[in-house]
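For reference, the structure is listed below as structure tokens.
Residue numbers (full-length UniProt numbering), protein chains in the order written: chain E, 1 to 483; chain A, 1 to 483.
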């Protein structure tokens, strides 16, 4: 685990510092494609770090696709296959709340995700090979053999104490001091969001959400009959707080739902000052913030971003997360720290489903206790960062001019704005004919906006098949744009 | 599995027929306490069945506490410690719908259930030793070791095909021809009920429920803000259909929820003709029936009762059940056959929690496939039947005159009506001081009726400690009634 030092700043592995610095030099153009990096030995002397640290850092830069090793020669800045296109534009604010309906679109994307013959750019899943599947299953097997009645008994809310202790321990990384008793375990982050929404808003009432946002959230909101005001999400800053403040003045907003860290689909991270401002402006109005931090551990930079909850002094922030994207989607182990709504959430969880299954919680708690989780996360982050770079570069190379590409700071999805007038629904349909799934933009909006955007899942290691699929997508976009 | 023969009647183990017949003779007084039963050899000749069958039947009668073996002498009808008191009275119909609120009472009973030092007459759990805990955990362990990605991947709704096949296969026992595609797996029967309620009724709308009924249902209804009309449940016939018809004329009822087989808390079973009438009268009005069959496999008679769904021709019956009471509460494996509401239920399950955990479903499916489940159920039923008899007899012996006791036909709960004026809430409080948990009657009613009733859990094998606890309860009831 990355611990915070006494002054509150996080301790970071040395090699990660080196990666960040070299990546910044490359990004800024100080090191350009074809430039040779300092030799391992030289950098080790310069920086006063061990040779092993530099080797590890250079491997990390390779993983990210930023440098390449040439035998007998050293490390060189990789030539980008094409300069990245500009970033997508920020959406314009809308002024009305509306009913939400994304159901049929979501079904189409998820049906595709269940078919292994289809190129998986649609639903957002990490590739199985990136997760410690066998390790976790083995832990579960050992526990099941010795658990006896404890393994089959109800584990009523707030949920397994050992798991809540581990979640509390890890919350420090996000800048949060949470006690195990402040946490309720859930069936994934989806159930966590569902419980929060039910506790703070009723059918016909209005909440504020980001736009674009995660369609799982839109589905939940739709199923509950809640109305949503869409607040633009800025590619590099998350929810537009000026627009939010305006909306708060115009609507009777019962709650705000946001994904401050690596929003889905933009991959944006909200700066700490904005998180503080968000928590403050809602706190003054006594409005709860439902914070989805599912991707928070998947930062590409060396420091894990803080959660908005870390600025919460009034118990109004309901922090939701899960282990579905980092360990095992099918274990359905998530959690919520509901602040002052803890008792209501705990009781509703009990009323809705009595309890979450016991053994999967025990297995995840055990894996977290054993301590290999941070090591796994570091490797996972490197792989995901590299995959996002690869997909971005392939889009840059194969998509026609006028395409824009987001710069996610974490997670594993890539938001792509297609040239003006290209319908992502048409692209979705034509791509499916070629065996390629993408998530069309209107999925990510209650108003079905973003008609010329798509989200690409970057959860899979790069292969020729993926490269070929991006090429095909680029050709289809070209045809649809008439270019 | 008990299969139905070609004419639709179920095939029954011969020894179970013998048990039923002898039990009927005892019940009718044809065989009285102290009477000697025919010798094993004689009955075997008389009935043309094997000696082993009769031995098995006599063991079963012993299990039920109806006969006792005397060494070197034979089997004798057991002296009841006291004649059973009369059955509880039927509740009077009420004419108004009301908001539901049982929350704090439920919390108190469940808190007690988590404390192993408390005598467990409160929450309705079968004793761990009656369930195939180690076998199921072992199956899960074997599966987890070899499952790989299949064990950690999402298993999106409608849920694991292997489990749905097993549920469909077993539905034949309840007289139902269900295909695997008509079933959606859930996190226990509670989530099944929750999904059904959300699909058919909204906040402020009215449904009809039994009275008394399972407080888990009341909690769900309360959490959804649905109003409930309470229809009296008759001790030997389930929901009073005349009262229901009247209520249908007076209220705009969006759905009816019933537990036709071994209702909780009464243990009543609705006769087949009534089930058919219920399904018919709702069908003509196009009103869905949510049928909770959680205890359906726990029949004390030799034949499993039909489900109301078996009379459904219009897809209006939503059949809910689980393996929580027969295998493993903490695995949270349940299911629903939602009839014409299948797609809506499937979609809502996806929106609410994406999926149920995969591995517990795989383990339950495997155990059902291996075929030991019916054998386990037979043993479980015999034990539960015996335990219900023991608790009933102890109440008869130790509770003061004016007490009434239900005659459950299955399941493992016993509904006791205390003498007029005795408050079961007071009894609950005083019993807790003595380390005994009971479920007070007002828990089982949206209007907090049944103030002089308690439900006793009979899920635990009889011990001196339980006997002593019933004695203590009887004394407390005596004090409260001033007798």
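The C-beta atom is built at its ideal place from N, Cα and C for all residues, glycine as well. For clarity, every value in this text was computed on a predicted model and none was experimentally measured.
Taking only heavy atoms of the ligand MG into account, decide whether any of them is closer than 7 Å to the Cβ of residue i.
i                      : result
residue 167 of chain E : With respect to the ligand MG, the structure offers nothing, as it holds no ligand at all.
What would DSSP say about residue i, mapped onto helix, strand or coil?
i                      : result
residue 462 of chain E : coil
residue 457 of chain E : strand
residue 13 of chain E  : coil
residue 410 of chain E : strand
residue 277 of chain A : helix
residue 58 of chain E  : helix
residue 234 of chain E : strand
residue 447 of chain E : coil
residue 180 of chain A : helix
residue 211 of chain E : strand
residue 325 of chain E : coil
residue 341 of chain E : helix
residue 18 of chain E  : helix
residue 120 of chain E : strand
residue 334 of chain E : strand
residue 153 of chain E : coil
residue 28 of chain A  : coil
So if DSSP puts residue i in a beta bridge, which residue, or which two residues, is it bridged to?
i                      : result
residue 404 of chain E : E/417
residue 292 of chain E : E/320
residue 68 of chain A  : A/76
residue 206 of chain A : A/227, A/253
residue 36 of chain A  : A/76
residue 261 of chain E : E/269
residue 299 of chain A : A/410
residue 308 of chain A : According to DSSP, which records beta bridges pairwise, residue 308 of chain A is partnered with nothing at all.
residue 97 of chain A  : A/229
Would you call residue i buried or exposed, if buried means 16 or more other Cβ atoms sit within 10 Å of its Cβ?
i                      : result
residue 116 of chain A : exposed
residue 260 of chain A : buried
residue 213 of chain A : buried
residue 417 of chain A : buried
residue 420 of chain A : exposed
residue 470 of chain A : buried
residue 35 of chain E  : exposed
residue 6 of chain A   : Because the pLDDT at residue 6 of chain A is just 40, under 50, the model does not fix this residue reliably, and the point stays unresolved.
residue 284 of chain E : exposed
residue 51 of chain E  : exposed
residue 428 of chain E : buried
residue 446 of chain A : buried
residue 501 of chain A : As displayed, chain A neither begins before 1 nor continues past 483, which places residue 501 of chain A out of reach and without an answer.
residue 48 of chain A  : exposed
residue 370 of chain E : exposed
residue 104 of chain A : exposed
residue 69 of chain A  : exposed
residue 273 of chain E : exposed
residue 286 of chain E : exposed
residue 481 of chain E : buried
residue 387 of chain E : buried
residue 249 of chain A : exposed
For the beta strand (DSSP E) containing residue i, name the first residue and the last one.
i                      : result
residue 185 of chain E : 184-186
Following the continuous alpha helix (DSSP H) through residue i, name the residue where it begins and the one where it ends.
i                      : result
residue 143 of chain E : 133-147
residue 385 of chain E : 373-398
residue 362 of chain A : 358-370
residue 434 of chain E : Looking at the DSSP string, residue 434 of chain E is not in any alpha helix (DSSP H), and its letter there is neither H nor E.
residue 161 of chain E : 161-171
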